[in-house]
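Down below is the structure, laid out as C-alpha cells.
Chains as they are written, first to last, in the numbering used here: chain U, 1 to 161; chain E, 162 to 283.
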C-alpha cells in the first residue's frame with residue numbers, strides 16, 4: 001500500500017442528519033491528509049450530493065435501513081462510491097445512465113451544468129432539482145458511472161484531487 | 162424584516178436606509194432535504210419588503226460553508242421571481258474559494274440585459 005492509499009467503507013443509516021456528519025468527516029479526513037482546502041470542499045460536495053440521492057431515491061420499505069458508503073484513493077485520485085437499495089434496479093440504472101449520457105452530450109460538464117440551471121430556474125417543482133449529478137461532474141470534475149449490484153444501485157464518482 | 166434560522170442555516174437581514182439595499186447574509190450550511198420549502202416563506206416576505214420599499218436585494222454568500230444542489234435550485238427559482246417582480250438581486254460571493262466561484266459564477270447564465278441580476282465576486 002502506497003503512502004497516500006486510503007479507504008473508508010461504512011454502512012450508513014438512512015437518516016438525513018447523517019449526510020452532514022459524513023461529508024464533514026470526509027472533509028476533515030482530506031484536510032488531515034492534504035493541505036488543499038479546495039480539494040477538501042470538492043470531496044465534501046461529492047459526498048453530500050451522492051448521499052442525498054441515496055436517501056431521497058432509495059427504497060427503504062425493507063427492514064434494513066442502511067446503505068454503503070466508500071471513499072478510497074491513491075495519490076491524487078479518489079473514488080467515492082454510494083450503494084443503496086432501490087425498488088427497481090434496472091429502471092434506476094437506466095434513469096441515472098440517461099442523465100450521464102445527457103451530461104456527456106455537452107461539450108463540457110460546465111455547459112451541461114449551466115443548461116440544468118436554466119431548466120431549474122423555470123421548474124415548477126422546487127423539491128426536485130436534478131442538479132446533483134451534473135454538479136458533481138462539473139464542480140467536482142468527476143467521472144461518473146452507475147451499475148447494478150444485486151438489489152442495489154451503485155454510483156461511482158472518480159475524483160482527481 | 163426578520164431573518165431565518167433553518168437547521169444549520171442562518172440568514173441575517175440588514176436594511177440600509179429607506180430605499181437602500183435589503184441585505185441578506187447567508188451563514189452556516191444549507192443542507193436541508195427540501196430547502197425550497199424552508200425558504201419559501203422567507204423569500205416571499207423578502208420580495209414583498211423589497212417591492213414595498215423599492216429597494217434592491219443583496220445576497221451575501223461569502224461566509225457560507227456549504228450549499229446543496231437543492232438550495233441552488235431554490236436560489237435560481239428565486240432569481241426568476243425577483244425578475245418577474247422587477248426587483249434587482251445582487252449575489253455576492255467569495256471568488257477565492259473554488260466551490261463558491263463554481264457555484265455562484267455559473268449563475269451568470271441567468272443574467273440578462275434587464276440588469277435585474279448582478280453577480281459580484283469579492
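Beta carbons are placed, not taken as given, at the ideal position from N, Cα and C, and that holds for glycine.
Asked: Please list, in chain order, the chain U residues whose beta carbon lies closer than 9 Å to that of residue 169 (chain E).; Found: 20
Asked: Got a sec: is the Cβ-Cβ distance from residue 38 (chain U) to anything in chain E below 9 Å?; Found: yes
Asked: Looking at C-alpha atoms only, which residue of U:94, U:115 and U:28 is the closest neighbour of residue 40 (chain U)?; Found: U:28
Asked: Mind pulling the chain C residues with CB within less than 8 Å of residue 271 (chain E)?; Found: Judged by its chain identifiers, the structure shown contains no chain C, and its protein chains are U and E.
Asked: For the stretch 250-263 of chain E, which residues have a CB atom closer than 8 Å to at least one CB atom of chain U, in sequence order?; Found: 258, 259, 260 and 263
Asked: Please list the partners that residue 241 (chain E) has in chain U, where partner means a Cβ-to-Cβ separation under 9 Å.; Found: 121 and 122
Asked: Find the residues of chain E that neighbour residue 16 (chain U), judging by a C-beta separation of less than 7 Å, and give them in chain order.; Found: 194
Asked: Let me see if you follow: with CB-CB separation under 9 Å, is residue 45 (chain U) close to chain E or not?; Found: yes
Asked: Start and end of the alpha helix (DSSP H) containing residue 60 (chain U)?; Found: Here residue 60 (chain U) belongs to no alpha helix (DSSP H), and DSSP marks it neither H nor E.
Asked: Can you check whether the CB of residue 219 (chain E) is closer than 9 Å to the CB of residue 258 (chain E)?; Found: no
Asked: Kindly indicate if chain U contains any beta-carbon less than 9 Å away from that of residue 206 (chain E).; Found: no
Asked: Taking the alpha helix (DSSP H) that residue 239 (chain E) falls in, what are its first and last residues?; Found: 230-245
Asked: What residues from chain U crowd round residue 238 (chain E), counting only those whose CB sits closer than 9 Å?; Found: 120, 121, 122, 123 and 126
Asked: Hey, is residue 150 (chain U)'s beta-carbon within less than 9 Å of any beta-carbon in chain E?; Found: no
Asked: Could you pull the start and end residues of the alpha helix (DSSP H) that residue 257 (chain E) belongs to?; Found: Element bounds for residue 257 (chain E): n/a, residue is neither H nor E.
Asked: Are the beta-carbon atoms of residue 60 (chain U) and residue 14 (chain U) separated by less than 9 Å?; Found: yes
Asked: Once DSSP output is grouped into helix, strand and coil, what is the label at residue 104 (chain U)?; Found: helix
Asked: Within its chain, find whatever has a CB closer than 7 Å to the CB of residue 210 (chain E); leave out the 5 residues flanking it on each side and keep chain order.; Found: 162 and 183
Asked: Taking 8 Å as the limit between beta carbons, can you name the residues of its chain near residue 207 (chain E), skipping five residues before and five after?; Found: 162, 174, 183, 185 and 218
Asked: What are the boundary residues of the beta strand (DSSP E) that includes residue 152 (chain U)?; Found: 152-160
Asked: What is the rounded straight-line gap between the Cα of residue 157 (chain U) and the Cα of residue 73 (chain U)?; Found: 11 Å
Asked: Tell me, which residues are paired with residue 251 (chain E) by DSSP?; Found: E:219 and E:279
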